[in-house]
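Respectively, the protein sequence lines represent chains A and B.
Residues are numbered in the numbering used here as their position in the first sequence, beginning at 1, plus a constant of 30.
Residues are numbered in the numbering used here as their position in the second sequence, beginning at 1, plus a constant of 98.
From the three backbone atoms N, C-alpha and C, an ideal C-beta is built for every residue, glycine too.
Quick notes on the structure that follows.
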Amino acid sequence: EPEVTQTPSHQVTQMGQEVILRCVPISNHLYFYWYRQILGQKVEFLVSFYNNEISEKSEIFDDQFSVERPDGSNFTLKIRSTKLEDSAMYFCASSRDSSVSTDTQYFGPGTRLTVL
Amino acid sequence: GENVEQHPSTLSVQEGDSAVIKCTYSDSASNYFPWYKQELGKGPQLIIDIRSNVGEKKDQRIAVTLNKTAKHFSLHITETQPEDSAVYFCAASIFPSGNQFYFGTGTSLTVIP
Numbered sequence: 031e032p033e034v035t036q037t038p039s040h041q042v043t044q045m046g047q048e049v050i051l052r053c054v055p056i057s058n059h060l061y062f063y064w065y066r067q068i069l070g071q072k073v074e075f076l077v078s079f080y081n082n083e084i085s086e087k088s089e090i091f092d093d094q095f096s097v098e099r100p101d102g103s104n105f106t107l108k109i110r111s112t113k114l115e116d117s118a119m120y121f122c123a124s125s126r127d128s129s130v131s132t133d134t135q136y137f138g139p140g141t142r143l144t145v146l
Numbered sequence: 099g100e101n102v103e104q105h106p107s108t109l110s111v112q113e114g115d116s117a118v119i120k121c122t123y124s125d126s127a128s129n130y131f132p133w134y135k136q137e138l139g140k141g142p143q144l145i146i147d148i149r150s151n152v153g154e155k156k157d158q159r160i161a162v163t164l165n166k167t168a169k170h171f172s173l174h175i176t177e178t179q180p181e182d183s184a185v186y187f188c189a190a191s192i193f194p195s196g197n198q199f200y201f202g203t204g205t206s207l208t209v210i211p
């Protein structure tokens, strides 16, 4: 069964450094998402991406965040200057075109980001 | 925006008993309600979902009910097994795709053998 993959599984960085989290969505999916989950808290939406542009973003997704689909398979989240409060589990998700009945978002295993 | 509340936060049941997790939502426009199971160290995995034009959906030991009037939906797991132990999240969204999921706070389910 196809699945969303994410690398790395754990990223440790110093405050102020840039990090790039990588995701490979399911191959026939057209919508891509990033969520984060701070330890012990609910999963929070960051951004959705469709047709090479951001379709929706939350207030969390400020100017230090950016997303990109650099090629036909990868979807990345960049945090330009990490802060302590960016420490969280980051989940990538993907879903198929809205024209089909199934709208499920499939989640990857997550990248745990630790900012020191 | 949408606000999803989930109860209880922790739930312990004896193996073979049933477990029920309840969620409420605030935005009457929400029309898609998935349930995810998250095991330790893994991402959320979809276990069942329901759309607003359906009142109940069942898949083997798992069922979900939706009350649009009251804006709440529930997950029912019957004949629980130790491998059902995990954190369960409800979510609400507005179809079609491209829209964010609003998650509940999660329920940690422990099934005692």
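If you drop the 5 nearest sequence neighbours on each side, which residues of the same chain put their C-beta closer than 6 Å to that of residue i?
i, result
"Pro-32(A)", "Ile-56"
"Lys-108(A)", "Ile-50, Ser-96"
"Thr-203(B)", "Gln-104"
"Arg-142(A)", "His-40, Met-119"
"Thr-37(A)", "Arg-52"
"Phe-62(A)", "Pro-55, Phe-79, Phe-105, Ser-124"
"Asn-101(B)", "Ser-124"
Under 8 Å between beta-carbons, which chain B residues line up against residue i? List them in chain order, please.
i, result
"Tyr-120(A)", "Correct list: empty, because the minimum Cβ distance to chain B is about 10 Å."
"Phe-105(A)", "Going along chain B, no residue has its Cβ under 8 Å from Phe-105(A), so there is no contact; the nearest lies around 14 Å."
"Phe-95(A)", "Residues of chain B passing the Cβ test: none, with the nearest at roughly 15 Å."
For residue i, return the contacting residues in chain A, with the cut-off set at a CB-CB distance below 8 Å.
i, result
"Asp-147(B)", "Thr-134"
"Pro-132(B)", "Thr-134, Gln-135"
Three-state secondary structure (DSSP) at residue i?
i, result
"Glu-154(B)", "strand"
"Glu-181(B)", "helix"
"Asp-147(B)", "strand"
"Val-115(A)", "Before going on, a small fix: residue 115(A) reads as Glu here, not Val. It is helical."
"Glu-74(A)", "strand"
"Phe-137(A)", "strand"
"Phe-193(B)", "coil"
"Thr-43(A)", "strand"
"Ser-124(A)", "strand"
"Phe-199(B)", "coil"
"Pro-132(B)", "strand"
Who are the near neighbours of residue i in its chain, counting only those whose CB is closer than 7 Å to its CB and skipping five residues on each side?
i, result
"His-170(B)", "Lys-120, Cys-121, Thr-122"
"Lys-166(B)", "Ser-150"
Mind listing the chain A neighbours of residue i? Cutoff is C-beta to C-beta under 9 Å, in chain order.
i, result
"Leu-144(B)", "Thr-134, Gln-135, Tyr-136, Phe-137"
Measure how close the beta-carbons of residue i and residue j come, nearest whole angstrom, since I'm counting them as under 8 Å.
i, j, result
"Val-42(A)", "Thr-144(A)", "5 Å"
"Leu-109(B)", "Leu-207(B)", "5 Å"
"Ile-105(A)", "Arg-99(A)", "The residue you asked about is not Ile; residue 105(A) is Phe in the sequence shown. Yes, Phe-105(A) and Arg-99(A) are in contact; Cβ-Cβ is about 5 Å, under 8 Å."
"Leu-144(B)", "Val-152(B)", "At roughly 16 Å, the Cβ-Cβ gap does not stay under 8 Å, so Leu-144(B) and Val-152(B) are not in contact."
"Ala-184(B)", "Glu-137(B)", "5 Å"
"Glu-113(B)", "Gln-179(B)", "6 Å"
Report the neighbours of residue i on chain A: residues whose CB is nearer than 7 Å to its CB, in chain order.
i, result
"Gly-141(B)", "Phe-121, Phe-137, Gly-138, Pro-139, Gly-140"
Please go through the same chain and pick out, in chain order, the residues whose beta-carbon is closer than 8 Å to the beta-carbon of residue i, but skip the five residues on each side of it.
i, result
"Ser-131(A)", "Annotation note: pLDDT 49 at Ser-131(A) (below 50); position unreliable, coordinate value reported separately. There are no such residues."
"Asp-101(A)", "none"
In chain B, which residues lie less than 7 Å from residue i when you measure between Cβ atoms?
i, result
"Lys-72(A)", "Phe-201, Gly-202, Thr-203, Gly-204"
### Interface residues of the region 191 to 209 of chain B facing chain A [CB-CB below 9 Å]
Ser-191, Phe-193, Pro-194, Ser-195, Gly-196, Asn-197, Gln-198, Phe-199, Tyr-200, Phe-201, Gly-202, Thr-203, Gly-204
### Message
Taking beta-carbon pairs under 7 Å, can you tell me which members of the region 162 to 192 of chain B lie near chain A?
### Response
Phe-187
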